[in-house]
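Read through the structure below, which is laid out as structure tokens, and then see the notes.
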């Protein structure tokens with residue numbers, strides 16, 4: 229399932245640059261992409277119309293942080309990094325495995341990378357994941373029932389927690405909205421935390437998938453600690469404090485962009 233926002237590859241890269249750096253001027257972007265300032269202004273107008281960026285004096289910056297971004301906007305941010313994470317995780321999943329997937333764009337992209345596998349059994353409350361999994365007729369796909377959250381196209385609540393508690397899967401795959409400096413995992417909604425914790429409690433191995441933008445991100449609902457998962461997959465080396473916590477706990481980490489691994 230692709231995003232609902234139709235933008236070009238250059239516009240996607242501009243969005244990633246601004247999200248990473250906090251600001252970019254029209255002139256700097258024109259020089260980087262070797263196009264005219266008029267072309268860049270058209271790109272920025274498109275991105276600002278979708279709320280992905282906002283204009284400021286001389287350039288653009290990320291939108292003001294008010295909760296989480298819309299799912300379709302999150303799908304296009306840091307997409308190459310998420311794909312690198314997904315390919316690395318896919319290499320850890322054997323054919324015939326059972327997997328539980330939670331909400332989020334990175335788990336969805338992991339599922340897309342798994343569609344070449346054989347005989348997977350997928351349990352999820354994420355309709356994006358379910359749709360991607362259904363592309364392989366050899367997969368068995370089971371979804372949670374309940375009220376659909378329209379923007380994210382997922383299902384949360386007590387029924388979802390019971391759904392995940394009904395199975396014991398080989399691997400749980402989930403993301404988070406943020407990771408605090410002490411390793412606390414954070415989300416924006418209590419129901420998101422509850423679903424993620426239900427997966428963690430009912431899988432043999434848990435994989436946390438996230439790009440570097442999640443470290444220090446000010447989400448506010450606590451739910452678990454990074455050392456509780458079996459493996460952490462990120463696009464850049466982890467912050468030193470987090471890396472030390474995981475090393476002490478004997479957890480696997482993988483820097484997916486450079487394929488540098490440590491067990």
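Residue numbers (my numbering): 229 to 491.
All C-beta atoms in this analysis are idealised placements derived from N, C-alpha and C, irrespective of residue type, glycine included.
For residue 368, there is no enclosing alpha helix (DSSP H); the enclosing beta strand (DSSP E) has its first and last residue at 368-371.
For the pair residue 380 and residue 356, the Cα-to-Cα distance works out to about 9 Å.
When beta bridges are read from the DSSP output, residue 473 appears opposite no residue. Boundaries of the alpha helix (DSSP H) around residue 419: 418-429. Here the alpha carbons of residue 456 and residue 477 stand approximately 9 Å from one another. Taking each of 419, 402 and 472 in turn and checking the Cα distance to residue 439, the smallest one comes out for 402. With three or more CB-CB distances shorter than 8 Å, the stretch 422-436 counts as touching the stretch 454-473. Secondary structure in the stretch 256-332: the beta strand (DSSP E) runs of 3 residues or longer, each lying completely within the stretch, are 282-284, 287-289 and 326-329 in chain order.
Using a C-beta cut-off of 8 Å, the stretch 276-292 makes no contact with the stretch 311-328, since fewer than three inter-stretch Cβ pairs fall below that distance. Note on geometry: alpha-carbon atoms of residue 471 and residue 311 lie some 22 Å from one another. In this structure residue 411 is in contact with residue 473, their Cβ atoms being roughly 5 Å apart against a cut-off of 8 Å.
Segment contact: the stretch 377-394 against the stretch 417-431, three or more CB-CB distances shorter than 8 Å; contact assigned.
333 is the residue among 256, 333, 287 and 239 whose C-alpha sits nearest the C-alpha of residue 442. Counting only residues of its own chain and dropping the five nearest sequence neighbours on each side, residue 396 has a CB closer than 6 Å to the CB of 430. Residue 390: member of the alpha helix (DSSP H) spanning 386-393, first to last residue. Listed as beta-bridge partners of residue 382 by DSSP are 354 and 377. The Cβ atoms of residue 406 and residue 446 sit closer than 8 Å to each other. Rounded to the nearest angstrom, the gap between the Cα atoms of residue 354 and residue 252 is 34 Å. In this structure, the CA atom of residue 309 is about 10 Å from the CA atom of residue 244.
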